[in-house]
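Structure first, then comments.
Residue numbers (this note's numbering): 1 to 447.
Here it is as C-alpha cells:
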C-alpha cells in the first residue's frame, strides 16, 4: 500500500528542494570531509558555511553509503531510500502489533499510518524520517519479543540507538517504550530501562558534539512555540487538517486506549510520553515542527487501529473502511501539489535563454543550493558561468543573470543590486517561479 501511494506521489517528478538538495550536497562529499564538517560544525561548501550537517549527520553518512552503490547516485534514489525505509518500518510495526494483538489489528496498524498524510509526505522526501520510522519499527518488535519471550533486547537496543541517530526527537518514543515495559512488567523491566538508556546515549553524544562545536540551536528558527497546544497541533497535522479524519482518529484512539487488547499500554505510552516530554521541553524553548513528531504520532495510528478491532464485530469493517478512506482523501492533495521549489526549472530556463559567457549569479543561499545542484545534474554547460556566494556579481559583463529567492513577493536584498547598478546595468526582464516552499525569480540585467 505504501509503495503504491508513494509511487503516485513521486510520479510528477518534481525536482529536489533545498532540504533534499542539501542532503545530496553533503552525502556526495568524501567521507573525510563529511566527518570533518560534523566535528567542526562547519558547512561543506562556501555558500553553506553557516549550515553544518549538525543533528542530521548520521543520516548523511547513511545516504553517503547509499549513493556510493552502483546505479544509485541520482536524485530519485535518495527518495527511494526514504520510501523503502518507511515501508520496512511499517512492516515491522505490523509484525509487532500482530504478535501483541492479533492479525487484524496488526494489519490495520500498518495500513492506517501508511495512508496518513503526514507520513506519506515525509516518506517521499530525501530526509531522515524514513530511517526514523524503520528504527522505530525495529525497536517495537524488539520490545514485543521481550514482552512475550524474554528476548529481543539486542534488537531493541540497536534499533533504539538508530531511532535517536535518525532523528533525535525519536528518543522520546524510545522513552515511551521503556515506560510501557515498566508498566507491564514492573521490576522485571529494569533490563529494558538499562538497554533503553544505553540506546539513547548515541543521540545524547550527537547533541553534545553539536553543542561543543558551536552549532547549538543554529538554524532552529523554524521551530514554533505552540503555547501549550503542541498535542492538538500534532494530531491535526497527522490528519492533514481534515476535521472528519481528526475526530474519527482521536475517537478510535481513545477506544483503543481503553479497550485495545494486547497493545493498549504500549500504544498509549508510544503516543503520550513523547508529547508530554516535548510539552515540558517547550517551557524552555520552541520545539514544535510536525514532521519532527512523526515517530511518536505513528502510535496514534496504532491506537486507532486497536480501537477499530475493539468495536463490535459488525462495526469493524465499515469503520475501518471509513478510517482508511478518510485518510486517503486527506492525502489526495499530495498527489497534485505544486513543487516545493523549482530550481530545476531555473536551470532549464537558463539553458534556453543564457548565452555562453554570460554570468549566472546566485544571489542568496537558497538560490545557490538549487542552482549548484541542478547545474551539476542537468546543465553542466552552465558551470563555467556560475557564480556562487560569497562571490558577488561581476561588474564587467554586459548581461548578467541573477537567481534569487522571493520572500513576500520581494527579492531577498543583497549587494548584487548595487554592484550591477553602479556598473551601468539595469533590470530588463524577470521570470517568476513560485512554489510551495521557496519562490524563486530569475532576473536579467543588461546595459
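By construction, the Cβ of each residue, glycine as well, lies at the ideal position given by its N, Cα and C atoms.
Given the structure is predicted, the values throughout are model-derived calculations rather than measurements.
Identify the residues that DSSP records as bridge partners of residue 430: which are they?
For residue 430, which the question treats as bridged, DSSP gives the partners 443.
Can you tell me which of 16, 389, 372 and 336 puts its alpha carbon nearest to the alpha carbon of residue 80?
Taking only the C-alpha atoms, the option nearest residue 80 is 16.
DSSP three-state call for residue 297: helix, strand or coil?
Helix at residue 297.
State yes or no: is the C-beta of residue 370 within less than 8 Å of the C-beta of residue 22?
Contact flag unset, no.
Would you tell me roughly how many angstroms separate the C-alpha atoms of residue 221 and residue 279, rounded to the nearest one?
Straight-line Cα distance between these residues: approximately 18 Å.
For residue 202, which residues in the same chain have their Cβ closer than 7 Å to its Cβ, ignoring the five residues on either side in sequence?
Result list for residue 202: 161, 164 and 165, in chain order.
How many angstroms separate the CA atom of residue 187 from the CA atom of residue 328?
Residue 187 and residue 328: Cα-Cα distance of roughly 43 Å.
Please go through the same chain and pick out, in chain order, the residues whose beta-carbon is closer than 7 Å to the beta-carbon of residue 424, but skip the five residues on each side of it.
Here the set comprises 447.
Are the beta-carbon atoms of residue 199 and residue 157 separated by less than 8 Å?
Closer than 8 Å, so yes.
Please list the terminal residues of the continuous beta strand (DSSP E) segment that includes residue 401.
Residue 401 -> beta strand (DSSP E) spans 399–407.
Just verifying my parser: in three-state terms, what is the DSSP assignment at residue 410?
Residue state, collapsed to three classes: strand.
On the CB-based measure, 16 or more other CB atoms within 10 Å of its CB, does residue 247 come out buried or exposed?
It counts as exposed.
Which residue's Cα is closest to the Cα of residue 256: 67, 301 and 36?
Comparing Cα positions, the closest option is 301.
Between which residues of its own chain and residue 273 is the CB-CB distance below 7 Å, once the five residues before and five after are set aside?
The answer, listed in chain order, is 172, 175, 176 and 179.
Do you know whose CA, among 394, 62 and 250, lies nearest residue 268's CA?
Closest option to residue 268, Cα to Cα, is 250.
Do you know how far the Cα of residue 422 is from the Cα of residue 400?
If you take the alpha carbons of residue 400 and residue 422, they lie about 13 Å apart.
Would you mind working out which of 340, 379, 364 and 426 sits nearest residue 348, comparing C-alpha positions?
Considering only alpha carbons, the answer is 379.
Using 8 Å as the threshold, is the C-beta distance between residue 436 and residue 338 below it?
Yes, these two residues count as a Cβ contact at 8 Å.
Can the beta-carbon of residue 372 be found less than 8 Å from the beta-carbon of residue 393?
No, these two residues do not count as a Cβ contact at 8 Å.
Cutting at 8 Å between CB atoms, please list the residues of its own chain near residue 235, excluding the five before and the five after it.
Closer than 8 Å at the Cβ level, and outside the excluded window around residue 235, lie 246, 249, 250, 297 and 300.
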